[in-house]
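Colleague: Below is one structure. I have some questions about it.
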Amino acid sequence: VVHFAAESHVDRSIMEPAAFVMTNIVGTQVLLDAALKNNIKKFHHVSTDEVFGHLSLDDQEKFNENTPYDPRSPYSASKASSDHLVRAYHKTYGLPITITNCSNNFGPYQFPEKIIPLAITNVLEGKKIPIYGDGLYVRDWLYVEDHCRAIDAVLENGKTGETYCVGGLTQDINNLEVAKKIIKILGKDENMIFFVKDRPGHDRRYAIDWSKIKKELSWEPLHSFDEWLESTVNWYKKNEAWWKRVKSGEYKNYYKKQYGRN
Numbered sequence: 118v119v120h121f122a123a124e125s126h127v128d129r130s131i132m133e134p135a136a137f138v139m140t141n142i143v144g145t146q147v148l149l150d151a152a153l154k155n156n157i158k159k160f161h162h163v164s165t166d167e168v169f170g171h172l173s174l175d176d177q178e179k180f181n182e183n184t185p186y187d188p189r190s191p192y193s194a195s196k197a198s199s200d201h202l203v204r205a206y207h208k209t210y211g212l213p214i215t216i217t218n219c220s221n222n223f224g225p226y227q228f229p230e231k232i233i234p235l236a237i238t239n240v241l242e243g244k245k246i247p248i249y250g251d252g253l254y255v256r257d258w259l260y261v262e263d264h265c266r267a268i269d270a271v272l273e274n275g276k277t278g279e280t281y282c283v284g285g286l287t288q289d290i291n292n293l294e295v296a297k298k299i300i301k302i303l304g305k306d307e308n309m310i311f312f313v314k315d316r317p318g319h320d321r322r323y324a325i326d327w328s329k330i331k332k333e334l335s336w337e338p339l340h341s342f343d344e345w346l347e348s349t350v351n352w353y354k355k356n357e358a359w360w361k362r363v364k365s366g367e368y369k370n371y372y373k374k375q376y377g378r379n
């Protein structure tokens, strides 16, 4: 069993924390019980680097498998809780588990509440890109295919009971720079950006040390950020029908509530 299922957007967790508790914690417990009942050979749990808290912009420190948990949002707290549940089922019941904690993903088919598809689709619609605070929040971007290869490597050769951190090739690219790169690819002006009030508990910087999975499983990311950001932009340009359908209906209500405009 590979457990991807989760409520995963920090902004929504601030507005609706109960949904994240039910899906990410209780939902994980339901799956763990089912895995035990059916004698599953391996239960792999996909988690996030956000469980570790945040890092300073002023140093080069990175998260690793020994970093203490310090979640700062209802989302990251719910994922931290699910991580602990998975480990507890391994220790208590002998369920064979592995865990990966990954950095921020990007690529095709990503739901447009996330910053990269939000920025791309907004510009394609002639709308501005909302950026929280000063825009200097840094994320470690991981292309989705690299993430899939990492999970496959852990499934095939990962040691039972172990955790592996999975990160990308980016070097401290902040959200404002990401937005500017997208605007440049689409041939628009930087006046497409507007700044909004910062969200509560906004983590400043994430960065992943993926040396363990490289050493033990010979995995490393292959996709550079700039090249595959452009590929991702082109995918959204070619698949307008998909993302316009996704951004209709309830999404519009969420967007207006979150960013204060249509």
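In this note's numbering, the protein residues as written are 118 to 379. No residue lacks a Cβ here, since even glycine has one placed at the ideal position from N, Cα and C.
Is it true that the CB of Pro-213 sits closer than 8 Å to the CB of Phe-160?
Modeller: yes
Colleague: If the criterion is Cβ atoms closer than 8 Å, does the pair Val-261 and Phe-312 meet it?
Modeller: Taking 8 Å as the cut-off, the beta carbon of Val-261 is found no closer than this to the beta carbon of Phe-312.
Colleague: So, Thr-280 versus Glu-182, is the Cβ gap smaller than 8 Å?
Modeller: yes
Colleague: With DSSP run on the structure shown, which of helix, strand or coil describes Phe-169?
Modeller: The three-state secondary structure of Phe-169, taken from DSSP, is helix.
Colleague: Compare the beta carbon distance of Met-171 and Tyr-249 with 8 Å and say whether it is the shorter of the two.
Modeller: It should be noted that the sequence gives His, not Met, for residue 171. It is not a contact, given that the beta carbons lie outside the stated cut-off.
Colleague: Please report the residue range of the alpha helix (DSSP H) in which Val-295 lies.
Modeller: 292-302
Colleague: The alpha helix (DSSP H) with Val-313 in it runs from where to where?
Modeller: Counting along the chain, Val-313 falls outside any alpha helix (DSSP H), though it belongs to the beta strand (DSSP E) covering 310-313.
Colleague: Between which two residues does the alpha helix (DSSP H) holding Trp-360 run?
Modeller: 357-363
Colleague: Pick from Asn-291, Asn-308, Ala-267 and Pro-247: whose alpha carbon is nearest that of Leu-339?
Modeller: Ala-267
Colleague: Quick one: what does DSSP say Trp-94 is sitting in, helix, strand or coil?
Modeller: Outside the displayed span of the chain (118 to 379) sits residue 94, for which this structure offers no information.
Colleague: What whole-angstrom Cβ distance do Leu-388 and Cys-219 have, given they're in contact under 8 Å?
Modeller: The requested residue 388 is not part of the displayed model; the chain covers only 118 to 379.
Colleague: Using beta-carbon positions only, say whether Ile-246 and Val-283 come within less than 8 Å of one another.
Modeller: no
Colleague: Can you confirm whether the region 121-134 touches the region 185-198 when touching is taken to mean that 3 or more C-beta pairs between the two stretches lie within less than 8 Å?
Modeller: yes
Colleague: Please name the residue in Leu-174, Leu-253, Tyr-353 and Thr-217 whose C-alpha comes closest to that of Lys-276.
Modeller: For Lys-276, the closest of Leu-174, Leu-253, Tyr-353 and Thr-217 by C-alpha to C-alpha distance is Thr-217.
Colleague: Mind checking which residues open and close the alpha helix (DSSP H) that includes Tyr-210?
Modeller: Where Tyr-210 is concerned, the enclosing alpha helix (DSSP H) stretches over 191-210.
Colleague: Can you check whether the CB of Leu-235 is closer than 8 Å to the CB of Asn-291?
Modeller: Between Asn-291 and Leu-235, the gap from beta carbon to beta carbon reaches 8 Å or more.
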